[in-house]
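Below: the structure, in structure tokens.
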Amino acid sequence: MTNQDMMGEVPGATPASSAQSGPAIGGPTSAAEPTFSPDAHRLDLGRLGVITLVVGIALTGPLGWACFYAVATDPDPVVKGIGGFFGLLFGGLCVLFIANFWRVTRPRGIVVDAAGIWFWHGTSWDLVRWTQAARVGLSYEMPPELPTVGGPLDHLKAKVSDWLKDRIFGALRVTDKRGIALEIVPMREEELRELPRLLRYRAKEPAPTPGLPPVMWRVRLPGGYHSFEKLITAGERFGGHTWEGWFRRQWSGGAGRGPRAAG
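No gaps in the numbering here: position 64 of the sequence shown is 64 in the numbering used here, and each next residue is one more.
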């Protein structure tokens, strides 16, 4: 399976005017897929979630088992300490991947084209036009660098953890950015209520822009490098001054999407 298959340009696209002649807000609600402009970019979050979780389970499952096997069979207390630490780490990650499988892989995604940003959930479509958005971009967080404290065992754990993180991130093709999300700040808050299927993405704006609503749509995205190169290119091509690109948010402790706006 290639990156083009996962999230490349939408095949069979027709001129931009076809997409732009669609509904002003809300998009089609039938099973028929809208007609997109040339060079439209599709990000299939459900399919990408399947690939990420399958690779994650395939990596963390055997690693967790190997660590626990070392704890059970090796008499060296240092090996037992390191093996137990990473066994819990990889075992916990594997359980987390499995527990979130259906939620992460449900059919959904985004298409960026000349008309705006299309959302699909199953067979339902919603459109947020560029003219309805005050700012669109990709936010991210960076965890703080924590100093290594303690004795040689803690130092060794930190070194091994960094080495494994680099290898796993490389295999998953993920970036060290955390909490990556597509953020859309609307021109008018009332338009949020006209897209009921997108209320699940509604969140407070961490740093409200004067004159704009203090709410936004915030869609969490998986941390794959190939997820963003073409997405950013499409945003720059179609979004104009509305597209902000990458911008950094304050570290939230990895708690997720943050507080929701009041209904």
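Cβ atoms here follow ideal geometry from the backbone N, Cα and C, with glycine treated the same way.
At a Cβ-Cβ threshold of 8 Å, Gly-179 and Arg-135 do not count as neighbours. Under the DSSP assignment, Leu-192 falls in the alpha helix (DSSP H) whose first and last residues are 190-193. Looking at the DSSP output, Arg-135 sits in a beta bridge with Val-185.
Between the alpha carbons of Phe-97 and Leu-43 lies a distance of about 21 Å. Per DSSP, Lys-204 is one residue of the beta strand (DSSP E) stretching across 202-204. Thr-242 sits buried, since 16 or more C-beta atoms from the chains shown fall within 10 Å of its C-beta. A distance below 8 Å separates the beta carbons of Glu-205 and Pro-214. Arg-42 has Val-111 as its beta-bridge partners, per DSSP. Contact between His-41 and Val-112 holds, since their C-beta atoms are separated by about 5 Å, short of 8 Å. The alpha-carbon of Trp-65 is positioned some 7 Å away from that of Gly-87. Counting along the chain, the unbroken alpha helix (DSSP H) around Phe-86 starts and ends at 77-99.
It is roughly 52 Å from the alpha-carbon of Glu-194 to the alpha-carbon of Phe-68.
Bounds of the alpha helix (DSSP H) holding Leu-231 are 229-239. Ranked by how close their Cα comes to the Cα of Met-216, the residues Gln-132, Thr-123, Pro-77 have Gln-132 in first place. In this structure, DSSP gives Arg-197 a helical state, which the three-state scheme calls helix.
One Cα belongs to Pro-186, the other to Asp-39, and the distance between them is close to 24 Å.
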